[in-house]
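K.L.:
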Amino acid sequence: MTRTQRLLSLVQILRARRHPVTGQRLAEEMSVSLRTVYRDIATLQAQGADIRGEAGIGYILRPGFVLPPLMFNEQELDALMLGMRWVAQQPDASLAQAALDVLSKAEAVLPSAVAGRLFKTPLFAASSQSRGAYGFDAKCLRDAIRLETKIRLVYVSEKSVETERTVWPLGIGYFEDMEILAAWCESRRDFRHFLLNRIQSLVLLDADFKNQGGWLLAKWRGSRLDVVP
1 MTRTQRLLSL VQILRARRHP VTGQRLAEEM SVSLRTVYRD IATLQAQGAD IRGEAGIGYI
61 LRPGFVLPPL MFNEQELDAL MLGMRWVAQQ PDASLAQAAL DVLSKAEAVL PSAVAGRLFK
121 TPLFAASSQS RGAYGFDAKC LRDAIRLETK IRLVYVSEKS VETERTVWPL GIGYFEDMEI
181 LAAWCESRRD FRHFLLNRIQ SLVLLDADFK NQGGWLLAKW RGSRLDVVP
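This is the structure we're talking about:
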């Protein structure tokens, strides 16, 4: 393990802990000496990490610290590039652009040799462009999910029946040949699934379901997944 990898590992361990962890425990988890732990903590503090605590008592990392430079191993580079290539192929134009932006940012902060390996990753994602663009702004839908805002959508069923629904959007499932919105439907008073390519239009309403999205999503995940609109 290189020094940079060791520092990153230390940050990840501290970030995962809600309570102080002793230097001895850190040394055991990282398979290094206690002196190395103390030295690495001092290095991180010098780089701006807000690590509170002292020897013999324990250490805790305050939120908000990212260790520069960003480092990845070979498998992580493969996962990053494959994931971003897959997202870049999705019909959601703004999400696809965001994936390209992520790669641009990664290229800017990674050491040149690592960035070179990233863009040479020989793993590819199949194109989804044949399904065409959505009939609505997908970013608005994702914003509604994030902000727990109700939406009104116009939906065309498999039998070409058009309906208008007010729903509470909970999440989007991405599959090989389709994307599905999981939502609580006010008219059906139950969970329903909507194929994104069958949504003709949607608008955000001036109404929300704050503090209810989390438990509804958990309830949906524990329910059957074959409900149809």
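Be aware that the sequence shown starts at 1, since it is given in the UniProt record's numbering, and climbs by one per residue.
Backbone N, C-alpha and C define an ideal beta-carbon position, used for all residues, glycine too.
With C-beta atoms as the reference, is Phe209 less than 7 Å away from Glu148?
P.N.:
Yes, these two residues count as a Cβ contact at 7 Å.
K.L.:
Compare the C-alpha of Ala55 against each of Pro63, Ala42 and Gln47 and name the closest.
P.N.:
Ala42
K.L.:
Sort Thr36, Ser94 and Ile151 by Cα distance to Asp206 and report the nearest one.
P.N.:
The shortest Cα separation from Asp206 among Thr36, Ser94 and Ile151 belongs to Ile151.
K.L.:
So, for Ala138: in the same chain, excluding its five sequence neighbours on each side, which residues have a beta-carbon less than 6 Å away from its beta-carbon?
P.N.:
Asp92
K.L.:
Following the continuous alpha helix (DSSP H) through Thr36, name the residue where it begins and the one where it ends.
P.N.:
Counting along the chain, the alpha helix (DSSP H) containing Thr36 begins and ends at Leu34 to Ala46.
K.L.:
Who are the near neighbours of Glu162 in its chain, counting only those whose CB is closer than 6 Å to its CB and skipping five residues on each side?
P.N.:
Val156
K.L.:
Output yes or no for whether 7 Å exceeds the beta carbon distance between Leu7 and Asp40.
P.N.:
yes
K.L.:
Any chance you could list the beta strand (DSSP E) runs of at least 3 consecutive residues sitting entirely within the UniProt domain "WYL" (141-202), in chain order?
P.N.:
149-156, 162-174, 179-185 and 190-195
K.L.:
Enumerate in chain order the residues of its own chain whose CB-to-CB distance from Thr22 is below 6 Å, with the five nearest sequence positions on each side excluded.
P.N.:
Gly58
K.L.:
Can you tell me whether DSSP reads Ile57 as helix, strand or coil?
P.N.:
coil
K.L.:
To the nearest angstrom, how far is the alpha carbon of Ile51 from that of Tyr38?
P.N.:
12 Å
K.L.:
Three-state secondary structure (DSSP) at Ala98?
P.N.:
helix
K.L.:
Where do the ends of the alpha helix (DSSP H) carrying Ser9 lie?
P.N.:
Arg3 to Arg15
K.L.:
When DSSP labels each residue in this structure, what does Ala138 get in the three-state scheme?
P.N.:
In the three-state DSSP reduction, Ala138 falls in the helix class (H, G or I).
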